[in-house]
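A quick write-up on the structure given underneath.
Protein chains: 2
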Amino acid sequence: MKKQPTREKLLDITFEEVYINGYTATSVDAILKKASVPKGSMYHHFKSKKELVLAMVVERLFPKMDAFFSYEIKENESITQSFRNTFLVVSKNRLLVTYGCPLYRLMVELSATDKEFDAVLSTKVNEMKGGIKAMLEQGISLGEFDKSLNSETFATYMLTSVWGILSLSPSLSSSKTFLIQSQYILDSLEAYKLT
Amino acid sequence: MKKQPTREKLLDITFEEVYINGYTATSVDAILKKASVPKGSMYHHFKSKKELVLAMVVERLFPKMDAFFSYEIKENESITQSFRNTFLVVSKNRLLVTYGCPLYRLMVELSATDKEFDAVLSTKVNEMKGGIKAMLEQGISLGEFDKSLNSETFATYMLTSVWGILSLSPSLSSSKTFLIQSQYILDSLEAYKLT
DNA sequence: ATTCAATTAGACTATTTAGTCTAGTGACAG
DNA sequence: CTGTCACTAGACTAAATAGTCTAATTGAAT
């Protein structure tokens with residue numbers, strides 16, 4: 029087993045700790061202890077706790093979001109079915125169902141008070157919104173949905189309601205309830221369905 | 029202007045600070061300074077920071093939730109219309125639209141790591157879910173919705189998706205977008221409508 | 001007015017926090 | 001083999017943190 033470079037190990041552990049405990053409640057010392065990395069090494073690679081977490085957001089959290097929520101549409105598959113598939117994949121991810129969406133949780137904690145975090149996190153939100161919007165627009169142009177469907181606002185609705193459902197207390201969440209709830213989101217698409 | 033009792037003042041300021049900054053990022057000293065209350069007084073009334081915030085949750089946050097989201101149904105009004113009215117009231121609440129639901133935000137921050145907070149916050153979530161569930165059941169018995177509507181899961185969906193929509197970054201939130209998004213939630217009810 | 005409990009006041013403590021500093025180590029180029 | 005430089009190591013610092021302690025003050029009852 030090859031030794032993982034210090035910087036990469038720090039990013040991995042930082043993701044885990046911040047995901048579960050949040051930014052403020054995660055101490056640098058806790059990260060260093062769990063990663064078995066001395067302080068000097070960390071401050072050699074990152075100039076502050078905030079820089080470390082911002083790097084983690086870009087290099088770990090964002091790629092994970094891309095993996096969690098795909099906007100792929102398979103051959104001969106309706107857009108609705110593509111959404112359903114994505115929800116199914118999400119429902120099978122134990123971490124997501126238990127602890128909610130890490131991007132959303134960080135945004136809830138920090139966006140109101142830290143403009144820098146808000147700016148970084150918001151770009152990803154807008155990118156994801158754009159991905160869903162493009163799918164909806166494809167559905168419109170393919171005649172699956174009515175032209176009256178506002179792809180911009182509906183995309184935002186899908187994103188935020190999924191996050192809301194996911195990020196409930198772990199004691200109130202389960203894979204099964206997520207799947208049922210996400211079906212209701214698809215129900216609201218029915219109003220705009222043509223075929 | 030009558031002087032507000034120390035304990036009450038502390039609960040008020042604690043709500044404001046924890047709502048915006050979160051539990052961990054709010055220091056006892058910051059609360060005391062803003063409330064102009066000396067440390068001894070606070071620790072006379074509450075045995076710890078956690079006790080102070082738990083008291084705030086029960087005595088301030090919960091009543092506010094009751095005020096924010098009412099389950100009242102006016103004479104000659106459909107259940108659907110009652111929901112629409114509630115959403116309209118919520119959309120006019122600047123704090124809610126800007127900073128999201130304080131109950132949900134606290135749950136996102138603490139439920140995964142603190143069982144005591146999770147237990148207290150979850151009771152209110154279940155109570156609110158029960159309120160919505162009762163409205164949906166009334167709608168079923170009055171013939172507004174089909175019996176196939178699962179009032180339990182749909183109530184959870186309504187609650188969590190509203191919170192998800194509300195608790196997005198302040199920089200991405202507005203009263204208008206909330207109103208549009210909440211309409212999509214009502215759209216998903218259409219599938220179960222009879223009249 | 002006097003007593004007494006409730007409350008206020010804030011200096012103090014122990015711990016944890018993010019961050020600094022300087023000395024060392026090791027790999028690699030010449 | 002040697003000099004260099006990126007990285008490691010962890011003791012150290014200053015600030016902030018939650019919480020303690022004892023003395024002073026207040027207000028209500030007698």
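Quick note, the sequences are listed as chains A and B, same order. For the first sequence, this note's numbering gives the first residue as 29, with consecutive numbering after it. For the second sequence, this note's numbering gives the first residue as 29, with consecutive numbering after it. Quick reminder that beta carbons are idealized off the backbone N, C-alpha and C, glycines included. Being a predicted model, the structure only gives us computed values, none of them experimental.
Closer than 8 Å to chain B by CB, residue i
i              : result
T205 (chain A) : yes
T181 (chain A) : yes
L38 (chain A)  : no
R122 (chain A) : no
I213 (chain A) : yes
S149 (chain A) : Note on residue identity: the sequence assigns Leu, not Ser, to residue 149 (chain A). True, the Cβ-Cβ gap to chain B drops below 8 Å.
I208 (chain A) : yes
Y71 (chain A)  : no
G68 (chain A)  : no
M29 (chain A)  : Any reading at M29 (chain A) needs caution, since the residue's pLDDT is 42, under 50, leaving its predicted position unreliable; the model's value is listed next. It does not; no Cβ of chain B falls within 8 Å.
Contact belief for residue i with residue j at Cβ below 8 Å, rounded distance in angstroms
i              : j              : result
Y51 (chain B)  : L134 (chain B) : 7 Å
V56 (chain A)  : L38 (chain A)  : Not a contact, Cβ separation roughly 10 Å.
K157 (chain B) : T184 (chain B) : 6 Å
V85 (chain B)  : V148 (chain B) : 6 Å
L187 (chain A) : S119 (chain A) : At roughly 16 Å, the Cβ-Cβ gap does not stay under 8 Å, so L187 (chain A) and S119 (chain A) are not in contact.
L214 (chain B) : T108 (chain B) : 6 Å
L80 (chain A)  : T42 (chain A)  : 6 Å
T34 (chain A)  : S76 (chain A)  : T34 (chain A) to S76 (chain A), Cβ: 17 Å. No contact.
V190 (chain A) : S169 (chain A) : In fact, because the Cβ distance is near 24 Å, the residues do not count as touching under 8 Å.
Sheet register partners of residue i (DSSP bridge)
i              : result
F173 (chain A) : A:K221
Short CB-CB distance (under 8 Å) between residue i and chain A
i              : result
D146 (chain B) : yes
E45 (chain B)  : no
A95 (chain B)  : no
S235 (chain B) : There is no way to answer for residue 235 (chain B), as the model of chain B reaches only from 29 to 223.
E218 (chain B) : yes
Y99 (chain B)  : no
Should the stretch 95 to 103 of chain B be regarded as contacting the stretch 117 to 137 of chain B, the criterion being three or more beta carbon pairs within less than 8 Å? With a cut-off of 8 Å, the stretch 117 to 137 of chain B and the stretch 95 to 103 of chain B count as touching, because enough Cβ pairs lie within range.
Check distances from the C-beta atoms of the stretch 181 to 203 of chain B to those of chain A and list, in chain order, the residues that come in under 9 Å. So the list reads T181, F182, T184, Y185, M186, L187, T188, S189, V190, W191, G192, I193, L194, S195, L196, S197, P198, S199 and L200, given in the order they occur along the chain.
Count the C-beta pairs between the stretch 193 to 202 of chain B and the stretch 139 to 149 of chain B that are closer than 8 Å, then say yes if the count reaches three, no if not. Between the stretch 193 to 202 of chain B and the stretch 139 to 149 of chain B, the count of C-beta pairs closer than 8 Å stays below three; the two stretches do not touch.
If the cut-off is 9 Å on Cβ atoms, which residues from the stretch 49 to 62 of chain B count as contacting chain A, listed in chain order? Listed by position along the chain: N49, G50, Y51, T52 and A53.
What residues in the stretch 130 to 145 of chain A bring their beta carbon closer than 7 Å to a beta carbon of chain B? Going along the stretch 130 to 145 of chain A in chain order, one finds R133, M135, V136, E137, S139, A140 and T141 with a Cβ nearer than 7 Å to chain B.
Looking at chain B, which residues of the stretch 154 to 175 of chain A have a Cβ within less than 7 Å of any of its Cβ atoms? So the list is empty, because no residue satisfies the distance condition.
Can we say the stretch 154 to 168 of chain A touches the stretch 149 to 165 of chain B, given the rule of at least three CB pairs closer than 8 Å? Touching, no.
Contact list for the stretch 107 to 118 of chain B against chain A, Cβ threshold 8 Å: The residues in question: there are none.
Between the stretch 212 to 219 of chain B and the stretch 202 to 219 of chain A, do three or more beta carbon pairs fall short of 8 Å? Taking a cut-off of 8 Å on C-beta distances, the stretch 212 to 219 of chain B touches the stretch 202 to 219 of chain A, as three or more cross pairs fall below it.
Under 8 Å, with one C-beta from each stretch per pair, do the stretch 173 to 192 of chain A and the stretch 78 to 95 of chain A reach the 3-pair mark? The stretch 173 to 192 of chain A vs the stretch 78 to 95 of chain A: no contact.
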